[in-house]
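Working notes, beginning with the structure itself.
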Amino acid sequence: MHDELNASNVTLKIKATMSLLTSYIVAISSVDISVSLNPRAILQFHF
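Read in order, the letters of the sequence shown correspond to residues 1 to 47 in the working numbering.
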């Protein structure tokens, strides 16, 4: 019984990590896309 609880906890942690990584990758991808479409946006952002 204890082993089953540990296994389910590991599965939940893996799922949470995967969803975090997915949202992180999506955010980076959308930033890359907007940057490649509008390079001046970076200059305006910095200055």
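Here a beta-carbon is modelled for each residue, glycine too, at the ideal position from N, C-alpha and C.
Rounded to whole angstroms, what is the Cα-Cα separation between L12 and R40?
Sequence index remark: in the sequence shown, residue 12 carries index 12 (1-based). Sequence index remark: in the sequence shown, residue 40 carries index 40 (1-based). Rounded to the nearest angstrom, the two C-alpha atoms are 42 Å apart.
Does N38 come out as helix, strand or coil in the three-state DSSP assignment?
Here the question's residue 38 lines up with position 38 in the sequence shown. In the structure shown, N38 sits in coil (DSSP, three-state: anything other than H, G, I, E or B).
Quick one: Cα of N9 to Cα of H2, how far?
Locating residue 9 in the sequence shown gives position 9, where the first residue counts as 1. Locating residue 2 in the sequence shown gives position 2, where the first residue counts as 1. Spanning the two alpha carbons is a distance of roughly 11 Å.
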